[in-house]
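Okay, so here's the structure we're looking at.
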Amino acid sequence: MAQLNKTSYRKRKYRGRSKTTLSLLRSSLSTWKASTTGVISLTVGIFLWLRASREPPNWSCRREKVKDAFISSWDAYSKYAWGQDQFHPISKTGSQMSPNGLGWIIVDSLDTLMIMNLTSRLSNARSWVLNTLSYDQDQDVNTFETTIRMLGGLLSAHYLSSQLPGSSSRGDYIYLSKAVDLADRLLGAYNSNSGIPYASINLRTRAGIASHSDAEKVIKIFDDNGMEDGLLPIYVHPATGTFTSREIRLGSRGDSYYEYLIKQYLQTSEQESIYFNMWSQALEAIQKHLITTTKYSKLKFVAELPDGIGGPLSPKMDHLVCFLPGSIALGATGGLTEHEARRAPGWGVEQERQMQLARELMKTCWGMYAVTETGLAPEITWFRAHNAALRPITGASTLRPSIDSKAAWQEDYIIKPLDAHNLQRPETVESLFIMWRITNNPLYREWGWEIFQAFEKYTALNDGEGHTSLNNVNMTPPPRRDNMESFWLAETLKYLYLLFSPTDILPLTEVVFNTEAHVFPQIELGKFQTGWERMYVFEL
0 MAQLNKTSYR
10 KRKYRGRSKT
20 TLSLLRSSLS
30 TWKASTTGVI
40 SLTVGIFLWL
50 RASREPPNWS
60 CRREKVKDAF
70 ISSWDAYSKY
80 AWGQDQFHPI
90 SKTGSQMSPN
100 GLGWIIVDSL
110 DTLMIMNLTS
120 RLSNARSWVL
130 NTLSYDQDQD
140 VNTFETTIRM
150 LGGLLSAHYL
160 SSQLPGSSSR
170 GDYIYLSKAV
180 DLADRLLGAY
190 NSNSGIPYAS
200 INLRTRAGIA
210 SHSDAEKVIK
220 IFDDNGMEDG
230 LLPIYVHPAT
240 GTFTSREIRL
250 GSRGDSYYEY
260 LIKQYLQTSE
270 QESIYFNMWS
280 QALEAIQKHL
290 ITTTKYSKLK
300 FVAELPDGIG
310 GPLSPKMDHL
320 VCFLPGSIAL
330 GATGGLTEHE
340 ARRAPGWGVE
350 QERQMQLARE
360 LMKTCWGMYA
370 VTETGLAPEI
380 TWFRAHNAAL
390 RPITGASTLR
400 PSIDSKAAWQ
410 EDYIIKPLDA
420 HNLQRPETVE
430 SLFIMWRITN
440 NPLYREWGWE
450 IFQAFEKYTA
460 LNDGEGHTSL
470 NNVNMTPPPR
480 RDNMESFWLA
490 ETLKYLYLLF
500 SPTDILPLTE
510 VVFNTEAHVF
520 PQIELGKFQT
530 GWERMYVFEL
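Note that the sequence shown covers residues 0 to 539 in numbering that gives the first Met the number 0.
And the structure:
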């Protein structure tokens, strides 16, 4: 297949203006300052590095390096574990999550193969989907993961296949037919008394399976509970639809809810205002109840509320939370560049404040990488904070500017041995990609390049056959886990590739990436309308 036609994605009424490297650097430096403790700020260090170079970075070359990493991982999987759901690159083996396999790695990677123009490998994957993949199996699967990875992967492949030059405008029917079959099987998960989906589903019987920890009606049920300030406790009972705990966090079990509020609004061309209303309420509450500062460098981070609003904050932040800077920036600008958004109706002080918060949280997420021995982030980070900063309702408005001192950062970040593993997660590079597209600040590209180089140095195998996750990012060389997550191919490398690509490929004003980085077009609602109304209205 031919390469994706990047001009077909261009939003004609929003053409960006070119900037020189010097003006971009000036823009970058205007938002950052050198540390008052005498330690040169990270931004100034990057500036000096760029100034010492005779030529600006070759982003096309860097993008090809990312592509090479994908090829290494994909080819190793194809050689040793083709058709298997899991790949163990050190032992050169694969394993299944069901007797016949469910296509986890292959389906999750389809749209990345398209974006990178890897046509022969895509052809092999398509043939496997057509001839081998079957969801008619007596197998229990996780409802959420199957939806975002498998159903999302098939639908994204169907959409992107229609964007290839010479292809049918209707897309590749093979992917769509498999998606319809899978979606029909997943529907049974929603046949609970409350409408909250069961945590698991049997693909053959299509029967939902209740769990002790576990369409639009789902969002309505959450909202009807009367969430305090729009923050969602992470446990809900599928039979009653009521919350079973007060615990609130934006990491595991909580992240995608907030991400989808703003993305649902954007995917429907900003026509479902109910989701923007919920997003705005939640973001205001996040700033009011969850954002606080570290002890030494005053970095902003997103804490947790183990006992709910009113209880003390826990200074813990999962790497998963690093989706948030990008989502905040998307919500503030609608996917426009910051320059374009400032000229659009509705821009004001609140949007400026949100963009500043996005920048600060992006810096904190980058710091998770910058302070470790390997330059790679742990799964979970803890922070040093004054007791006053962990009291209920800290309030973002009281936060002071952070300090760009790596020495102070290293005092603030605490990485416990049990939390020090790295699973090749994508959240930080996703936000870097979005922040680059929206701010045009090259600093975010440079941070992404530093992260990619660390992945190459410590996760690439010496034999050139694949990449693996790690057990401890603060040991060099780090002990390895012998596992490659499918989101390494579906998300992490995809976002890095797009970070280094021209900005008119998959513009944020035309597409939305789901929580597994699968690409969906923004659509007009037409005859379809939001199927519910809020019981408790939040005034914007």
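Think of the CB as a built atom: it goes at the ideal place given N, C-alpha and C, for glycine as much as any other residue.
For F382, the enclosing beta strand (DSSP E) covers residues 379-382. Excluding residues up to 5 positions away in sequence, L109, D110, Y174 lie with their Cβ nearer than 6 Å to the Cβ of A156 in the same chain.
Buried is the label assigned to F512, since at least 16 other Cβ atoms lie within 10 Å of its Cβ. Per the C-alpha coordinates, the member of K287, L298, Y256 positioned closest to S326 is Y256.
The count of Cβ pairs closer than 8 Å, one atom from the region 300-315 and one from the region 330-344, stays below three, leaving the stretches out of contact. Cβ neighbours of L323 within its own chain (closer than 7 Å, five residues either side excluded): L249, V301, L360.
Assigned with DSSP and collapsed to three states, I402 falls in coil, not helix or strand. Residue range 92-94 is occupied by the beta strand (DSSP E) that includes G93. Short of 6 Å from the beta carbon of E372, and not among the five residues preceding or following it, lie these beta carbons of its own chain, in chain order: N473, T475. Setting aside the 5 residues that flank it on each side, T267 is surrounded in the same chain by I522, L524, each with a C-beta closer than 7 Å to its C-beta; the list follows chain order. Per the coordinates, the alpha-carbon of F69 lies some 10 Å from the alpha-carbon of Y496. Classified as exposed, Y172 has fewer than 16 neighbouring CB atoms from the shown chains inside 10 Å of its CB. Closest by C-alpha distance to I200, out of H338, S193, W408, L186, is L186. According to the DSSP secondary-structure assignment, T292 is paired through a beta bridge with K299. Per the coordinates, the alpha-carbon of R62 lies some 43 Å from the alpha-carbon of I208.
At the C-beta level, K299 and T363 come within 8 Å of one another. Of the other Cβ atoms in all chains shown, fewer than 16 fall within 10 Å of the Cβ of D137; this residue is therefore exposed. Contact check for L304 against L319 fails: the beta carbons are separated by 8 Å or more. If you draw a 10 Å sphere on the C-beta of G347, you find fewer than 16 other C-beta atoms in it, and that means exposed.
Taken through DSSP and simplified to helix, strand or coil, Y412 comes out as strand.
When the five nearest sequence neighbours on each side are left out, the beta carbons in the same chain lying within less than 7 Å of the beta carbon of D223 are those of M534, in order along the chain.
In this structure, DSSP gives G207 an extended state, which the three-state scheme calls strand. For V140, the pairing in a beta bridge is given by DSSP as I200. Between the C-alpha atoms of T458 and T529 there is a straight-line separation of about 45 Å.
Beta-bridge partners of L469 (DSSP): N421, R479. With fewer than 16 other Cβ atoms inside 10 Å of its own Cβ, E532 counts as exposed.
Taking a contact as a CB-CB distance under 8 Å, the pair A331 and M354 counts as one, their CB atoms being some 5 Å apart. For V518, the beta-bridge partners assigned by DSSP are F512. With fewer than 16 other CB atoms across the displayed protein chains lying within 10 angstroms of its CB, Q452 is exposed.
The C-beta distance from T514 to Q423 rounds to 16 Å, too long to fall under 8 Å, and the pair is not in contact. At a Cβ-Cβ threshold of 8 Å, A328 and I433 count as neighbours. Counting only the Cα atoms, L181 lies some 40 Å from Q350.
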